[in-house]
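Visitor: According to the working numbering, the stretch in the sequence shown is residues 107 to 361, in order.
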Amino acid sequence: MLNTVLFDMGGTLEDVWNNQETQAAVMKALRERLLAYGLDPGCGPEEFENRVLAGLKAYKAWCAVGNLEKKPEEIWPDFYLAAFGFDREKLVPITEELANMWEVTFFHRELRPGVKEMLEALKARGYRLGVISNNASLYNVFNVLEEYGIRDYMEDVTVSSITGYRKPHPEIFRISLRQMRARAEECVYVGDTISRDVIGSKRAGFGKCVKIGSHLAAERDVGLAPDVEQPDVVITDIRELVPWLDAVNPAMAPK
Numbered sequence: 107m108l109n110t111v112l113f114d115m116g117g118t119l120e121d122v123w124n125n126q127e128t129q130a131a132v133m134k135a136l137r138e139r140l141l142a143y144g145l146d147p148g149c150g151p152e153e154f155e156n157r158v159l160a161g162l163k164a165y166k167a168w169c170a171v172g173n174l175e176k177k178p179e180e181i182w183p184d185f186y187l188a189a190f191g192f193d194r195e196k197l198v199p200i201t202e203e204l205a206n207m208w209e210v211t212f213f214h215r216e217l218r219p220g221v222k223e224m225l226e227a228l229k230a231r232g233y234r235l236g237v238i239s240n241n242a243s244l245y246n247v248f249n250v251l252e253e254y255g256i257r258d259y260m261e262d263v264t265v266s267s268i269t270g271y272r273k274p275h276p277e278i279f280r281i282s283l284r285q286m287r288a289r290a291e292e293c294v295y296v297g298d299t300i301s302r303d304v305i306g307s308k309r310a311g312f313g314k315c316v317k318i319g320s321h322l323a324a325e326r327d328v329g330l331a332p333d334v335e336q337p338d339v340v341i342t343d344i345r346e347l348v349p350w351l352d353a354v355n356p357a358m359a360p361k
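And the structure:
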């Protein structure tokens, strides 16, 4: 019987998008933070942006090889800001601050409509709830859940920067299962991408997988083979999850 529902964060519980304005905003904020800590990039804004984006691209390429994740204290000096040659002793202590700032500035984030009502309905039915998220900040997901007022619904929050594994690596799903003391076949995973969420949860043995549309899903799912794992259902509104679960899992539905 299904008794546990685990969620992706960005693109699933929250709507996330980025554009040229958010990119310009994060570059400005990053440059100002570095200067405030006595770390001068030594170049103009355009060159600064080019170097940071090159570092970001290099890190994404590294992650893609094994679906692994480093901690902020490694990501920023070794990748994002590698081209500047900053004093590591000055940079490392502020890397988590930079990582969190990046997540909330480079991306526009807002809680999807109906999330609280959906979580409340699932809790009332007796489901156990948690989060599995790819995030290059140690604390951003926890902070955002608190800001949205939904942290208390989650028994566990598993983040790639803490585990060292990124979705779709099955180990991040297994770590969450161990922490929840849940069985994979009794779990539903809800995410917005096939490449990370559907493939990862299916290969980890989850009982069901739900896909919800998002702004970034098409970009992240480019180049997938036609025969990859598919979700059990596709929804457009997070509130659709409740009646779908009632139908496929009547043992937990209200009597």
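Built from N, CA and C at the ideal position, the CB exists for glycine as well.
Output needed for Met224: all residues of its chain with C-beta closer than 7 Å, excluding positions within five of it in sequence on either side, in chain order.
Guide: Walking along the sequence shown from the start, residue 224 turns up at place 118. Within the same chain, Met224 has close Cβ partners Ile344, Arg345, Leu347, Val348.
Visitor: Would you list, in sequence order, the uninterrupted beta strand (DSSP E) runs of no fewer than 3 residues that lie entirely inside the region 233–263?
Guide: Within the region 233–263, the complete beta strand (DSSP E) runs of at least 3 residues are 234–239.
Visitor: Would Glu202 and Tyr233 be called neighbours here (beta carbons separated by less than 8 Å)?
Guide: Your numbering for residue 202 matches position 96 in the sequence shown. Your numbering for residue 233 matches position 127 in the sequence shown. Cβ distance not < 8 Å, so Glu202 and Tyr233 don't count as in contact.
Visitor: When the Cα atoms are used, what is the spatial distance from Lys196 to Ile181?
Guide: Here residue 196 corresponds to residue number 90 of the sequence shown, with the count starting at 1. Here residue 181 corresponds to residue number 75 of the sequence shown, with the count starting at 1. Going from the Cα of Lys196 to the Cα of Ile181 covers about 15 Å.
Visitor: Span of the alpha helix (DSSP H) holding Val158?
Guide: The sequence position of residue 158 within the sequence shown is 52, counting from 1. Start and end: 151–172.
Visitor: Measuring CB to CB, does Asp121 end up less than 8 Å from Glu216?
Guide: Along the sequence shown, read from residue 1 onward, the residue named residue 121 stands at position 15. Along the sequence shown, read from residue 1 onward, the residue named residue 216 stands at position 110. It is a contact, given that the beta carbons lie within the stated cut-off.
Visitor: Would Val247 and Val221 qualify as a contact pair, given that the criterion is a beta-carbon distance under 8 Å?
Guide: As a working note, residue 247 is residue 141 in the sequence shown. As a working note, residue 221 is residue 115 in the sequence shown. For Val247 and Val221, no; Cβs fall outside 8 Å.
Visitor: Are the region 157–166 and the region 188–195 touching, with three or more C-beta to C-beta distances below 8 Å?
Guide: A contact exists between the region 157–166 and the region 188–195.
Visitor: Would you call the region 286–306 and the region 327–337 in contact, with 3 or more CB pairs under 8 Å?
Guide: Yes: at least three Cβ pairs fall under 8 Å.
Visitor: Where does the unbroken alpha helix (DSSP H) through Lys222 begin, and where does it stop?
Guide: By one-based count along the sequence shown, residue 222 stands at place 116. From DSSP, the alpha helix (DSSP H) with Lys222 extends over 221–231.
Visitor: With DSSP as the reference, please indicate the residues paired to Leu217 in a beta bridge.
Guide: Translated into the one-based positions of the sequence shown, residue 217 becomes position 111. Answer by DSSP bridge pairing, in chain order: Glu120.
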